[in-house]
Structures are given as structure tokens and as C-alpha cells.
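Since the structure comes first, as C-alpha cells, the remarks are kept for the end.
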Amino acid sequence: MKHISIHWFRKGLRLHDNPALLAAMTDCHKLYPIFILDPWFPKNMRVSVNRWRFLVESLRDLDESLQKLNSRVIAENNGKVPLTYVRLQTLLAALGPPKRPMPAPTLENLKDCCTPCKDNHDAEYGIPTLEELGQDPEQAGPRLYPGGESEALCRLDLHMNRTAWVCNFQKPQTEPNSLSPSTTVLSPYIKFGCLSVRTFWWRLAEIYQGRKHSSPPVSLHGQLLWREFFYTAGAGIPNFNKMEGNPVCVQVDWDDNPEHLRAWSEGRTGYPFIDAIMTQLRTEGWIHHLARHAVACFLTRGDLWISWEQGQKVFEELLLDADWSLNAGNWQWLSASAFFHQFFRVYSPVAFGKKTDRGGEYIKKYLPCLQKFPAEYIYEPWKAPRSVQEQAGCVIGRDYPKPIVVHEVVSKRNVERMKAAYTRRSASTTAQLEGGGGKKGARRKTPAGPSVAELLTKKPKTKSS
DNA sequence: AAAAGCGTTGAGACG
DNA sequence: GCGTCTCAACGCTTT
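Residues in the first sequence are numbered consecutively from 576, following the working numbering.
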């Protein structure tokens, strides 16, 4: 019989070697792990702040360990973080769809409840202005994506009314350099929680219902699953926003080059496609996902050989939708440090943008100094004859920078450096395995009994006839 | 064409 | 005959 268990942590603030906890978990369908802070205790016992601190830290650690056990995706995968999207999809299929969103509160919910305000509320506790926050509103770019739940729900409606577009949506087919966004730009609203992911997910599910529609990873549902993918990784992988101490991250000998880093972040690399994207990022706070690919590859493994952690900081500062796990995860992806390993596939800062914007309209929008360049040279203005440059009113090296690196040269060298980093990695993991112990008894055999993690992760085997 | 790693699969060893 | 483990081969990877 399945039952409900309460495990009362008194002493024994640990998971390991805790028979009572294991017993409590066995065959139960609900478990309440509790600790009682007796109010009598602080009143009647004198205990130093140091020991209080020790207790609080122990409880916090216990709480984190228990939560980790309960993180369902990871638990579903036998405690291992899923490292591929396909793997995550299988796990999610077993977990089922997310819960339905809650309805917004109405007046009815507030019937017997008042929200008291003091007379000086607005002056003392009102929402501060940008000036009061030490920011200069003059520095802000065009207000393309106003904040707030109301705007989020409008924007959601706007896009969800495009039934065919929603059903046919395939992310790689959308354009990184269209003059207005080719995707929903709901990400800032999701990042701030102005839009509930569950609300978005179920709206899509309703639209998909009974219609032919695209699928993950490229569909709109698929985009939300990417978020789950990186959230899961961020929750389960230590030091996820760093290279050092991050077990899934290839250790690369990135260069330290403050000048190149600044040129990249300020949009002065001399590659118009890259500089236009970085300008859009700085002024508008949002760029298309594939545009992020292009500039991230350029900064790291493609051209400048600068650490993805530096790029991560710049995105963290400038993106409206900067989100810890997604930012760290995607930077690792694009730098071929984790998740993505085909480092020999390098984005061309010239060819990539041309595919969807032959005439370079996007470049001209964000880099007005190149406006008069003929389309032929807009992606590589340094190749234009001097006379063409002068006619365009923009001489390369004077009015717009020369390329800070030669892509064809550095990208080849970087692929080799990447290869070397991967070789070092596989060499070190082999060494780890071989150095792990003697030949006999070196392998870890199954422990005597089920562990806490196993008890929580083990699924009853369902055999349908 | 060929680079890399993850995860699955199937074969075989082992107890 | 069965479960468990290991290994190599193979397909896949959001352009």
C-alpha cells in the first residue's frame, strides 16, 4: 500500500547513511521532510550566533539537496543532466505536459481583502523613475518593446492570432536580419515573468490541436523546450556560467585581448554584419537568435578567440531577455564548448547574412555610414575600390574600420586550436579513467541497497499486454 | 569528404 | 534463461 510519510529531521541533517529517511521514502507516494524550529529554544537557551549560523547553513544545504533530488527531469534521467535536446524530449514525454496556467485574480478574489496604502505611498514607496535609479533616459534607445504584463499579453494575442504562421513556424527559417523582428520577441516578457511560460505553452497547444503543425526543436513549442533544456543544465551542472570547474565545458586556451573585445562589443570589428548586429543589440536590447549565433561564433571559436565568458557578460548587460541559464548555455553552444561539438562549422561573417539580406538593408539601417555602398560591397566594404568608397562617402580605415582580423586566415587557425583543445580533453578523461585505481576491483559495483536518489527516481515497470 | 561527442542499439561476456 | 555490464558501431546534431 502506498502511504504518506513525514520524516522529521531532528539530528541527522543529511541524506547519506540515513536509514530512517530511506524507510520513510519506501513505498510512499507523498513525503514531507520537516525540521522544527522550536520557539521555546531561542527564548530559553543561550546559543552563540556561530552555532545558529551553522544550523542555518546545514538546513539550507539539506533543503538544496532535497530539492535536487526532486528536480524531476534530472531525476527521470537517473540523476544525470540530459545533454542533448532529443534526450530532454524523451524525458518530457514521460513527464507529460506542464500544468495548466492559473486564471488571473479578479475582484471576486479580493472581496474580503483590502490593500491599505498610506497617504505618502506614492512619494515614499512609488515606483522610481530612471533618474532616481541613476540612469539617464536620454541614453535609452527607441522603446520598441515596452515592459509589462499588459504588453506581453497583447503581443501574445497578436502572434497567436496568426494561426498559419504559428503552425508553420520553424525557427531556422526565420531571418536574423529582417528590418523588423521575424520572431515573436516574447523572450523579454518571459525573462521578467510578465508572460507565463505555461500560458504560452497551452495557447500554442490549443492552436496546434487538430492542425498540421511544426515540431520541436524548430517549432514555437520547441523554443520553449530549449529554455527548459538550458534551465535543466543550469540547475544540474556546477559552475555552469564558467569554463573552469564546469564538467561539460571544453577547456580552451582563449586569448585575452581587451582591444578586440571592445571592438566587438562596440560594433567596430570592420565586418558590417557583425557590427550591425552589435549595434542593434546595444541600441534596442534584442537581436534575433541566429544573429546571436553569428556574433558569438565571431567572438569565440570563429574569429577573435576570446572566451565565451566575456561575451556572456556583454549579453548579460545589453539583452532585455538576458536569462542566466540560457545565456550561459547558448554561449557554450556557440563556442563549441558544450552541447555543440562540430567546431569545424564556422559561421562566415560575410556569407551568413547575405542569404536572407542580399542588399544589406539591415546593415544600412544600423550602420548609416555604409548607406551609400553598393550591395556588391556592403558585406566586405574594404574590397571596394577607393573611388567607390569615396563616392559612398565612407573611406574604409577612416570613416569605418578595416577588418580587425582576416576571417579566412584566423578561422582556419582557430579550428586547429579547437581541435587541439578537444584532443587535450579526451586525453585527460582517458587518463582519469586509467588513473582511477588498480585493475581489479576498480570498477564501482552496485551498492548494497538502493540509494535515496534511486528510490526517488525508480519508476515502476509498466508492462502492458 | 572529413573533422566531435552524445545516446542508442545490438552483440557478447559474465554470473 | 535472465539480468547486468561492456564495447563497438552507428545515427544524429536548430545552418
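A virtual CB, placed ideally from N, CA and C, is assigned to each residue, including glycine. From a predicted model like this one, the values you see are computed outputs, not experimental measurements.
Report the option in Leu-666, Ser-580, Asn-743 whose CA atom is closest to the CA atom of Lys-787.
-> That would be Asn-743, whose Cα lies nearest to the Cα of Lys-787.
With H, G and I counted as helix, E and B as strand and the rest as coil, what does DSSP make of Ser-1001? helix
Can you find the residues in the same chain that come closer than 6 Å, C-beta to C-beta, to Asn-652, ignoring five residues on each side of it along the sequence? Leu-666
Compute the Euclidean distance between the alpha carbons of Asn-736 and Ser-794, then round it to the nearest angstrom. 16 Å
Can you tell which of Gln-642, Leu-612, Lys-643 has the C-alpha that lies nearest to the C-alpha of Val-631?
Leu-612
Backbone CA spacing between Gly-1011 and Leu-637 [nearest angstrom]: Note that Gly-1011 has pLDDT 39, beneath the 50 cutoff, so the model's placement of it is unreliable and the number below is only indicative. Answer to the nearest angstrom: the Cα atoms are 30 Å apart.
Is there contact here, the segment 829-840 with the segment 868-880, by at least three beta-carbon pairs under 8 Å? yes
- prompt: Which two residues bound the contiguous alpha helix (DSSP H) that contains Leu-606?
  reply: Careful: Leu-606 lies outside any alpha helix (DSSP H), inside the beta strand (DSSP E) at 603-610.
Exercise. Less than 8 Å separating the beta-carbons of Ala-931 and Gly-716?
Worked result: The question names Ala, but residue 931 in the sequence shown is Thr. No; because the gap between Cβ atoms is not below 8 Å, this pair is not in contact.
_Relative to the C-alpha of Glu-750, which candidate in Phe-914, His-864, Ala-950, Tyr-975 has its C-alpha closest?_
His-864
Inset, instruction - Label Thr-807 either buried or exposed according to how many other C-beta atoms from any shown protein chain fall within 10 Å of its C-beta, with 16 as the threshold for buried. - result: buried
Check: Using a Cβ-Cβ cut-off of 8 Å (strictly less than) and excluding sequence neighbours within five positions of Tyr-607, which residues of its own chain qualify?
Finding: Ile-579, Ser-580, Ile-581, His-582
Item to complete: Only counting runs of 4 or more residues, tell me where the alpha helix (DSSP H) segments fall wholly within the segment 736-780, in order along the chain.
Response: 738-743, 762-766
Counting beta carbon pairs with one atom in the segment 909-924 and one in the segment 988-1005, are three or more of them shorter than 8 Å? yes
| message | For a quick check, are the C-beta atoms of Gly-722 and Phe-767 less than 8 Å apart? | response | Taking a C-beta distance under 8 Å as the contact criterion, Gly-722 and Phe-767 qualify as a contact pair.
- Arg-589 versus Ala-810: straight-line alpha-carbon distance, rounded: 20 Å
Which ranges would you report for the alpha helix (DSSP H) in the segment 618-688 if only whole runs of at least 4 residues count? 624-645, 647-651, 660-670
- Relative to the alpha-carbon of Leu-770, which residue among Ala-739, Gln-745, Ala-599, Leu-728 has its alpha-carbon at the smallest distance? Closest option to Leu-770, judged by alpha-carbon separation, among Ala-739, Gln-745, Ala-599, Leu-728: Leu-728.
Contact set for Lys-586: own chain, Cβ-Cβ below 7 Å, skip 5 residues either direction: The answer is none, since no qualifying residue turns up.
- Roughly how many whole angstroms lie between the Cα atoms of Leu-1031 and Phe-629? Residue placement at Leu-1031 is poorly supported in this model, since its pLDDT is 40, which falls under 50; the coordinates still yield a value, given next. Answer to the nearest angstrom: the Cα atoms are 28 Å apart.
- Helix, strand or coil for Phe-584 per DSSP? strand
* Tell me which same chain residues have a C-beta within less than 7 Å of the C-beta of Ile-938, skipping the five on either side of it? -> Pro-847, Phe-848, Ala-851, Leu-945, Ile-953
If I measure Cβ to Cβ from Gln-907 and keep anything under 7 Å in the same chain, skipping five residues before and after, which residues do I get? Cys-824, Trp-883, Ala-913, Phe-914
- [ ] For Met-677, count neighbouring C-beta atoms within 10 Å of its own C-beta (all shown protein chains included) and say buried if the count is 16 or more, exposed if not.
- [x] exposed
Would you mind stating whether Ser-910 and Phe-815 have Cβ atoms separated by less than 8 Å? no
- prompt: In terms of alpha-carbon separation, which member of Thr-704, Asn-625, Leu-641, Ser-753 lies closest to Met-600?
  reply: Leu-641
Exercise for the section: Return helix, strand or coil for Tyr-954, following the three-state DSSP convention. Expected result: coil
How would you label Phe-1051, buried or exposed, when you count the other beta carbons within 10 angstroms and need 16 or more for buried?
Lying before the first or after the last residue shown, residue 1051 is absent from the chain, which here runs from 576 to 1040.
Hey, quick one: how far does the alpha helix (DSSP H) through Glu-859 stretch, first residue to last? 847-859
| Rounded separation between Phe-648 and Gln-664 - CA only | According to the sequence shown, residue 648 is Val rather than Phe. In a straight line, the C-alpha of Val-648 is about 10 Å away from that of Gln-664.
- Query: Is DSSP giving Ile-881 helix, strand or coil here?
  - Reply: strand
*Inter-residue CB distance, Trp-957 and Pro-978 (contact presumed, cutoff 8 Å)*: 6 Å
At the level of alpha carbons, what is the spacing between Ile-971 and Gln-964? For Ile-971 and Gln-964, the distance between alpha carbons rounds to 7 Å.
* To do: Look up Tyr-975 in the DSSP assignment and say whether it is helix, strand or coil.
  => strand
Practice item. For His-578, name the three-state secondary structure that DSSP assigns. Key: strand
If you drop the 5 nearest sequence neighbours on each side, which residues of the same chain put their C-beta closer than 8 Å to that of Ile-782?
-> In the same chain as Ile-782, and ignoring 5 residues on each side of it, the C-beta atoms closer than 8 Å to its own belong to Met-735, Thr-738, Val-741, Cys-742, His-788, in chain order.
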